[in-house]
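> Protein chains in written order, with my numbering: chain A, 246 to 340; chain B, 63 to 795.
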Amino acid sequence: MSDKDLTQFAAGTDLTVSHVAGDGPVANRLREIGMIPGARLRVVRQGSPMIVQLGNSRFCLRGQEAALVKVQTAESVQGAEAKFSPVESPGTCLF
Amino acid sequence: MSKFVAVVGNPNVGKTTLFNSLTGLALVTANYPGVTVERKVGRMQLEGEPVYLIDLPGTYSLSARSPDEMIVADVLLSQQKGEEPVDLILAVVDASNLERNLYLVTQLLELGKPLLIALNMCDLAERHGVAIDYAQLEQVLGAPVVPVCAHKRVGIDALRASLQNLLQGQTAAPKPLVTFSEQFCESVRDLHAELNQKQAVIGRRVSLFEALRVLADRGGYAEQRLVDALGEPFRDKLNDYRLRAAQDGAVAAEESITRFKTIRRILDRCVRVSPKRQDMFSERLDSFLTHPILGLVFFVLVMSIMFQSIYNAAAPVVAWIDAGLSLLVQGIDNVLPQGVLRSLLVDGCIAGVGSVLAFLPQIVVLTLFIALLEDCGYMARAAFLMDKFLFRCGLSGHSFIPLLSSFACAIPGIMATRTISDRRDRFVTILVAPLISCSARLPVYSVMIAAFVPNTPVLGGFVRLQGLTLLLMYALGILLAAPMAWLFKKTILPGAPPPFLLELPSYKLPQMRTVVFKVYRQGKEFLKRAGTLIFALTVVTWALAYFPPLSSNVEAVYENQRREIEQTFPDGDEREVRLAQLERDESRARLENSFLGRAGRSLAFLFKPLGWDWRIGVATLSSFPAREVVVATLGIIFNIENPEDESNEGLVSALRQAKRPDGSPLFTVSVALSLMVFFALCCQCGGTLIIIQRETNSWRWPAFTFAYMTALAYIGAFVVFRIGNWFENMAPH
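Here is the structure:
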């Protein structure tokens, strides 16, 4: 299923992030504030700039940035949490 | 030995409030050498030992994309020039946004420094249904956690105690928590090894954490610095490392997702969230305040009230200051004989510095409004609303706060542009910021408006014409800044509109302490300027207007006339009137003969198209280093002409009475407007030009700013005078 982006949903819609597209500074900043796969979002005000609720914070961003955030409606992804389950990851310590 | 503590945190976590409650008013600000990121250092005493707290700019992560963020990373890595190595990191964390805030914390854990976590806004978190197991969190993070409510000053003592404990004992740095994939770690380590082989070329050791930043932040500051040192081909090499570290070379995505996975695990163990509808208050308020129409109406209303208050609320205080100055002048008149010293004190110092000082209340009111709006959370909403307009000029909502700060003073405004990550947008904002009417323009507007604009109620009595004129003068700066920004963005600094991503903090009651501190600092800054730069310029201007004295021949002529009047009119009103008239004539002759007068008259042709005579021209010229000096110069010029009056009240009436040689009034409304418009648009501020030089690291930009603004001011004043004059000729009254 092809992902839609944040600009395509009306105010009041609850959404789940599938991913943020790109590796540029804006995409990175969006991930750093918590727009990672499985994160829940709600559109507060649509337009450019738009307002989204992410956890207990509200951010405003322009259409250009919002288009990077690929999302699905909350009900269509019951399994998304599983994709991001907090199981112990087998990584190594860098430091 | 004194200890240094770096205070870091995300934006809007109450970091400044906490900083203020720990350090009080003992704040020293300066700039880091080479860059103009403000270094704010506060001092606190722990058991008699001084501890210095460094207040770092708010940031979401240590990946640096603006000068501000680079400073944060450099100070924490102890590689910032002009900064002591940090002994301890104090992380301020918003308990109600723990997930996002812990992102920065996971990075701080990797710096190898002792870390103390102040968990702020615990009350808010509770109200949102977030229950945090503090002991568990402390254990998982491996660093002490102190719950505080900075705005209620709860937990401050516990925080001080923890600070002391950590600074006294031999505290080990906490262990990093996040684990990355095998190939990710390998790639960072290999890069680190390579960088340290090139240590001689780079000129310093590069830490493992910095190597991670270089790799992850494509196009960021850390990368740019290394490419500057190692040459452009190194960029390709970095990309090879990236491809090895993560799929498609998406190192940053891998980093952030891995960090958040760890954070989720931490939160699962330490936090219980009961599903509550969150922050209904802010949400309801936002549905009104960010509304495309209602929100804008409210915005205009807030701005109108602000400018109305500047004019009205400050008026009584201004009157007291004036009254005080008048008393002082009377005292001096009684003690000192007529002469150079008395003229220096009364016409120079008091008329000059005094008339500038009288504007302190208005500057305080303006700063108070800006601080209140910022602290209650409205400013970000205003930035959101203004983004649509700024977008059309090629800028973004990020430029709003620098531009709004410029209403107080362009210097902090220009310094506030450091949060703008895009260089071109930052420069365009810097170029137009001095167009915004700063508080130093207020003296000119105030005097001109008080003297020449009737205070009739308009728009159904809601506002008065004087307040409205003031609002219009302020609007003029914005109305011109917009097309200028657009023009610059199209011509000299071309580029796509910048990204815009801004957090809208929860609304809260403004913190009186924070607000008062801000106003205090701004007021102190203004007084310092009035006491030093303005004072010096005033004395120079006074001297130029006083010397050289009239030749003895001319003095003798006036002396003869005086004797003649005294003989012809033994006493009575007639004699008084004639003597006063003679004294005015003599003062005028003295001024015209002075250095200032001579210079002014030879340049009169420049001012004539604007409707000004040489005296207004001289006042304007003398205020190029600092525009508020104009009021002082007007005071000097017109008080020397009318030695009776020294107060501002006196300046207003002196300006009203000033005549041209043909006997017509010097100031008409159109002349007053032309002068105000000139001051609204001209860059008469040495401080601004210096700060532009420092921010852009080139003299080209301040020179350009000065040239374009002076041209704009001249044209604007000319047009306003011509139009106004035409109206006045159409309907003479």
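Just so you know, even glycine gets a beta-carbon here, dropped at the ideal spot from N, CA and C.
B:K65: buried (16+ other C-beta within 10 angstroms of its C-beta) or exposed?
Buried, since its Cβ has 16 or more Cβ neighbours within 10 Å.
> Go through the segment 661 to 725 of chain B residue by residue and report every complete run of the alpha helix (DSSP H) that reaches 4 residues or more, in order.
Segments of the alpha helix (DSSP H) lying fully in the segment 661 to 725 of chain B: 666 to 669, 676 to 684, 691 to 703, 710 to 719.
> Are the beta-carbon atoms belonging to B:I218 and B:L84 less than 8 Å from one another?
Cβ atoms of B:I218 and B:L84: closer than 8 Å.
> Leaving aside the five residues before and after B:M535 along the sequence, list all residues of the same chain whose C-beta is less than 7 Å from its C-beta, in chain order.
Within the same chain, B:M535 has close Cβ partners S499, Y507, M738, A742.
> Taking the CB atoms as reference points, tell me whether A:V271 and A:L313 lie closer together than 8 Å.
Their beta carbons are under 8 Å apart, which means A:V271 touches A:L313 by this criterion.
> Helix, strand or coil: which one does DSSP assign to B:A153?
Of the three classes helix, strand and coil, the one that applies to B:A153 here is strand, per DSSP.
> Quick check on A:P331: does DSSP put it in helix, strand or coil?
Reliability fails at A:P331, whose pLDDT of 49 lies under 50, so the model's placement of it is uncertain and the value that follows must be treated cautiously. In this structure, A:P331 counts as coil in the three-state DSSP scheme.
> Restricting to Cα atoms, I'd like to know which of B:L305, B:T730, B:F446 is closest to B:L563.
Of B:L305, B:T730, B:F446, the residue nearest in Cα terms is B:F446.
> Below 8 Å on C-beta distance, what does B:F446 contact in chain A?
Ordered by position in chain A, the residues that pass the 8 Å Cβ test against B:F446 are P294, I296, C305.
> By a C-beta neighbour count over all protein chains shown, 10 Å radius and 16 as the cutoff for buried, is B:K143 buried or exposed?
By the 10 Å Cβ count, B:K143 comes out exposed.
> Should B:G593 go down as buried or exposed, given a rule of 16 or more other Cβ atoms within 10 Å for buried?
Exposed.
> Tell me whether A:R303 is buried or exposed, calling it buried when 16 or more other Cβ atoms sit within 10 Å of its Cβ.
Buried, since its Cβ has 16 or more Cβ neighbours within 10 Å.
> By the three-class DSSP mapping on this structure, what secondary structure does A:S263 have?
Of the three classes helix, strand and coil, the one that applies to A:S263 here is strand, per DSSP.
> For a contact meaning CB atoms closer than 8 Å, what does A:V271 contact in chain B?
Within chain B, the residues near A:V271 are P561, L563.
> Would you kindly report the start and end of the unbroken beta strand (DSSP E) that includes A:M295?
Segment 295 to 299, the beta strand (DSSP E) holding A:M295.
> Going straight from the alpha carbon of B:E790 to that of B:I511, what length do you get?
Their backbone Cα atoms lie some 17 Å apart in a straight line.
> Can you grab the Cα-Cα spacing for the pair A:T261 / B:A314, in whole Å?
Roughly 21 Å separates the two Cα atoms.
> In chain order, what residues of the same chain have a beta carbon less than 8 Å from the beta carbon of B:L407, not counting five sequence neighbours either side?
Closer than 8 Å at the Cβ level, and outside the excluded window around B:L407, lie I394, L398.
> From B:A775 to B:C744, what distance separates their C-alpha atoms?
Near 5 Å, if we compare the C-alpha coordinates of B:C744 and B:A775.
> Can you pull the DSSP bridge partners for A:F304?
Per DSSP, A:V297, B:E565.
> Please determine, among B:M132, B:V208, B:F669, B:Q573, the residue with the shortest C-alpha to C-alpha distance to B:L177.
Comparing Cα positions, the closest option is B:V208.
> Spell out the partners DSSP gives B:E38 in its beta bridges.
Since the displayed chain B opens at 63 and closes at 795, residue 38 of chain B lies outside it and no answer follows.
> In whole angstroms, what separates the C-alpha of B:F469 from that of B:P727?
Taking the straight line from one Cα to the other gives about 32 Å.
> Counting only Cβ pairs nearer than 9 Å, list the residues of chain B close to A:D248.
Near A:D248 there are no residues of chain B at all, since even the closest Cβ is about 15 Å away, more than 9 Å.
> On a CA-only basis, which of A:N301, A:A266, A:R307 is nearest A:L286? Give me that one, please.
Cα-wise, what sits closest to A:L286 is A:N301.
> Is it right to say B:N396 is buried, meaning 16 or more other beta carbons lie within 10 angstroms of its own, or is it exposed?
Looking at its Cβ environment, which holds fewer than 16 other Cβ atoms inside 10 Å, B:N396 is exposed.
> Starting from B:R331, trace the alpha helix (DSSP H) both ways and give me its first and last residue.
That run of the alpha helix (DSSP H) goes 313 to 332.
> Quick check on the burial criterion: 16 or more other C-beta atoms within 10 angstroms. Buried or exposed for B:P378?
Result: exposed.
> Over the uninterrupted beta strand (DSSP E) stretch that includes B:L799, give me the two end residues.
Examination of residue 799 of chain B is not possible in this model, given that chain B is present from 63 through 795 alone.
> If you drop the 5 nearest sequence neighbours on each side, which residues of the same chain put their C-beta closer than 6 Å to that of B:R443?
The residues are L351, T352.
> Count the other CB atoms within 10 Å of the CB of B:V714; is the residue buried (16 or more) or exposed (fewer)?
Label assigned to B:V714: buried.
> Any beta carbon from chain A within less than 8 Å of B:T98's own beta carbon?
In this predicted model, B:T98 has a pLDDT of only 49, less than 50, meaning its place in the structure is not dependable enough to derive any value.
> Counting only beta-carbon separations shorter than 8 Å, does B:G71 have a partner in chain A?
No, because no Cβ of chain A sits closer than 8 Å to the Cβ of B:G71.
> Grab me the residues of B:A558's own chain with a C-beta within less than 7 Å of its C-beta, minus the 5 sequence neighbours each way, in chain order.
Within the same chain, B:A558 has no close Cβ partners at all.
> Tell me whether A:C338 sits in a helix, a strand or coil according to DSSP, three-state version.
Residue state, collapsed to three classes: strand.
> Would you call the segment 687 to 702 of chain B in contact with the segment 597 to 616 of chain B, where contact means no fewer than 3 C-beta pairs closer than 8 Å?
Contact between the segment 687 to 702 of chain B and the segment 597 to 616 of chain B is present, because at least three Cβ pairs lie under 8 Å.
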